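Single-structure report; data block below.
Protein chains: 2
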Amino acid sequence: MATNKTPEFLPGTLDMLILKTLTRASNHGYGIAQYIQKVSNEALRIGEGSLYPALQRLLVNGWVEAEWGISETGRRVRIYRLTAGGRKQLAREVAEFDYLIAGIARVMEGA
Amino acid sequence: MATNKTPEFLPGTLDMLILKTLTRASNHGYGIAQYIQKVSNEALRIGEGSLYPALQRLLVNGWVEAEWGISETGRRVRIYRLTAGGRKQLAREVAEFDYLIAGIARVMEGA
DNA sequence: TGCCAATACCTCGATTGTCGATGCCTACAT
DNA sequence: ATGTAGGCATCGACAATCGAGGTATTGGCA
Numbered sequence: 009m010a011t012n013k014t015p016e017f018l019p020g021t022l023d024m025l026i027l028k029t030l031t032r033a034s035n036h037g038y039g040i041a042q043y044i045q046k047v048s049n050e051a052l053r054i055g056e057g058s059l060y061p062a063l064q065r066l067l068v069n070g071w072v073e074a075e076w077g078i079s080e081t082g083r084r085v086r087i088y089r090l091t092a093g094g095r096k097q098l099a100r101e102v103a104e105f106d107y108l109i110a111g112i113a114r115v116m117e118g119a
Numbered sequence: 009m010a011t012n013k014t015p016e017f018l019p020g021t022l023d024m025l026i027l028k029t030l031t032r033a034s035n036h037g038y039g040i041a042q043y044i045q046k047v048s049n050e051a052l053r054i055g056e057g058s059l060y061p062a063l064q065r066l067l068v069n070g071w072v073e074a075e076w077g078i079s080e081t082g083r084r085v086r087i088y089r090l091t092a093g094g095r096k097q098l099a100r101e102v103a104e105f106d107y108l109i110a111g112i113a114r115v116m117e118g119a
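Structural data, given as structure tokens:
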């Protein structure tokens, strides 16, 4: 009934998740989304309408680099690789995220 | 200390924080923001441009009720009180939040 | 007295991020 | 031949946050 406009996703964390995913291995867009969805136990679903704009952001900021290639299944893919700047950015985002989560936790626990 | 550029706020969590705050005591808008900021150790700053629209949302949805009154300091204030529906909504939001955070944690820990 | 900071309410416009839909193309299986 | 899944991407709608602005009252201080 209604009204399930489930957030699906915690806004503002997508870039961090993508960067983190790329620390394990370079990957193409679709594969990144699949990985996140699988590892998160289906809790996080990255729609393509969120994914590709996010990758564009990361490219523009220089956090990742892209290269066209061919996947194992023979398809044309754009492979993203984390840059040195991307690693630093990830560290920053993780720090910020942990900081905010800690703040939220304090409120929610009613310390 | 607080970061300077884009400390921001974790989007999508404001309603939950407000509802949670009101479980401790009815309060007025400004007081709610102060409480969250203080308890979170200054990690969360709720701007008034976010606060009041959020309270409107909660009112419209019936999660809170409002009443005009006078604060201890003698000022005209609008006091918000959690409704039964608000309690249920809070439970829902907490469940969703925990679910998403768990998903994020799995990705970030690279299980 | 005059002034200003803090309290307290609220609105507006700009910006950003996510979502659903759509479109295109290729590989593979039925 | 047809459909399903992989893969890229963009578009417009929508919602939430942010900064700035506006009003008003209280209390302190010079």
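In order, the protein sequence lines correspond to chains A and B.
First residue of the first sequence? That's 9 in the numbering used here, and the numbers climb one at a time after it.
First residue of the second sequence? That's 9 in the numbering used here, and the numbers climb one at a time after it.
Note that CB positions come from ideal geometry on N, CA and C, so glycine has one too.
Since this is a predicted model, take the numbers as computed values, not measurements.
Inset, instruction - Could you name the residues that DSSP lists as bridge partners for Asn35 of chain A? - result: Reading the first sequence from its first residue, position 27 is the one you call residue 35 of chain A. In the DSSP output, where bridge partners are listed per residue, Asn35 of chain A has A:Tyr88.
Legend entry - Given Gly94 of chain B as reference, the closest of B:Asp106, B:Ile44, B:Ile26 once Cα atoms are compared: On the second sequence, residue 94 of chain B is found 86 positions in, with the first residue counted as 1. Nearest of B:Asp106, B:Ile44, B:Ile26 to Gly94 of chain B, Cα basis: B:Ile26.
Inset, instruction - For the alpha helix (DSSP H) containing Ala74 of chain A, list its first residue and its last residue. - result: Residue mapping note: residue 74 of chain A aligns to position 66 of the first sequence, counting from 1. For Ala74 of chain A, no alpha helix (DSSP H) encloses it; the enclosing beta strand (DSSP E) starts and ends at 72-78.
Inset, instruction - Flag this pair as yes or no: are the beta carbons of Gly37 of chain B and Leu63 of chain B separated by less than 7 Å? - result: As a working mapping, residue 37 of chain B is identified with position 29 in the second sequence. As a working mapping, residue 63 of chain B is identified with position 55 in the second sequence. Going by C-beta atoms, Gly37 of chain B is nearer than 7 Å to Leu63 of chain B.
Legend entry - Contact set for Thr29 of chain A: own chain, Cβ-Cβ below 7 Å, skip 5 residues either direction: The residue given as residue 29 of chain A occupies position 21 in the first sequence. Within its own chain, the residues whose Cβ lies closer than 7 Å to the Cβ of Thr29 of chain A, once the five positions on either side in sequence are excluded, are Asn35, Ile40, Tyr43, Ile44, listed in chain order.
Inset, instruction - Check whether the Cβ of Val47 of chain B lies closer than 7 Å to any Cβ atom in chain A. - result: If you number the second sequence from 1, residue 47 of chain B lands on position 39. Residue contact with chain A for Val47 of chain B: present (Cβ-Cβ distance below 7 Å to some residue of chain A).
Legend entry - Interface flag, Ile137 of chain A vs chain B, CB-CB below 7 Å: With chain A running from 9 to 119 in the structure shown, residue 137 of chain A is simply not present.
Legend entry - Sub-7 Å separation of Ala74 of chain A and Tyr88 of chain A beta-carbons: Along the first sequence, read from residue 1 onward, the residue named residue 74 of chain A stands at position 66. Along the first sequence, read from residue 1 onward, the residue named residue 88 of chain A stands at position 80. With contacts defined as CB atoms closer than 7 Å, Ala74 of chain A and Tyr88 of chain A qualify as a contacting pair.
Inset, instruction - Output, in chain order, the set of chain B residues within a Cβ distance shorter than 9 Å of Gly20 of chain A. - result: Within the first sequence, residue 20 of chain A is the residue found at index 12, counting from 1. Here the neighbours are Glu16, Phe17, Leu18, Pro19, Gly20.
Inset, instruction - Could you say which of B:Asp106, B:Asp23, B:Leu52, B:Gly77 lies nearest to Phe17 of chain B if we only look at CA atoms? - result: Start at 1 with the first residue of the second sequence, and residue 17 of chain B comes out as number 9. Closest option to Phe17 of chain B, judged by alpha-carbon separation, among B:Asp106, B:Asp23, B:Leu52, B:Gly77: B:Leu52.
Legend entry - chain A within 7 Å of Ile44 of chain B, Cβ atoms only: Taking the first residue of the second sequence as 1, we reach residue 44 of chain B at position 36. Chain A contact via Cβ: present.
Inset, instruction - Throw me the rounded Cβ distance for the Ile54 of chain A and Thr21 of chain B pair, which I believe falls under 8 Å. - result: Here residue 54 of chain A corresponds to residue number 46 of the first sequence, with the count starting at 1. Here residue 21 of chain B corresponds to residue number 13 of the second sequence, with the count starting at 1. That belief does not hold up - the Cβ atoms of Ile54 of chain A and Thr21 of chain B are roughly 19 Å apart, past 8 Å.
Inset, instruction - Check each candidate in B:Val85, B:Thr91, B:Trp76 and name the one with the smallest Cα separation from Gly70 of chain B. - result: Locating residue 70 of chain B in the second sequence gives position 62, where the first residue counts as 1. Relative to Gly70 of chain B, the option among B:Val85, B:Thr91, B:Trp76 whose CA is nearest is B:Thr91.
Inset, instruction - Output the distance between the C-alpha atoms of Arg83 of chain A and Ala103 of chain A, rounded to the nearest integer angstrom. - result: Reading the first sequence from its first residue, position 75 is the one you call residue 83 of chain A. Reading the first sequence from its first residue, position 95 is the one you call residue 103 of chain A. If you take the alpha carbons of Arg83 of chain A and Ala103 of chain A, they lie about 37 Å apart.
Legend entry - Alpha carbon of Ala99 of chain A to alpha carbon of Thr81 of chain A, nearest angstrom: Here the question's residue 99 of chain A lines up with position 91 in the first sequence. Here the question's residue 81 of chain A lines up with position 73 in the first sequence. So the alpha carbons of these two residues sit roughly 33 Å apart.
Inset, instruction - Check Pro61 of chain A in the structure and name its three-state DSSP category. - result: As a working note, residue 61 of chain A is residue 53 in the first sequence. Of the three classes helix, strand and coil, the one that applies to Pro61 of chain A here is helix, per DSSP.
Inset, instruction - Answer with buried or exposed for Glu101 of chain B, where buried requires no fewer than 16 other C-beta atoms within 10 angstroms of its C-beta. - result: Residue mapping note: residue 101 of chain B aligns to position 93 of the second sequence, counting from 1. Counting Cβ neighbours within 10 Å, Glu101 of chain B comes out buried, since at least 16 surround it.
Legend entry - Neighbour flag for Asn12 of chain B against chain A, beta carbons, 7 Å: Along the second sequence, read from residue 1 onward, the residue named residue 12 of chain B stands at position 4. Its pLDDT being 34, under 50, Asn12 of chain B is placed unreliably in this model, and the coordinates cannot settle the point.
Legend entry - Buried or exposed (CB count within 10 angstroms, at least 16 for buried), Ser48 of chain A: To locate residue 48 of chain A, count along the first sequence from 1; it is residue 40. Under this definition Ser48 of chain A is a buried residue.
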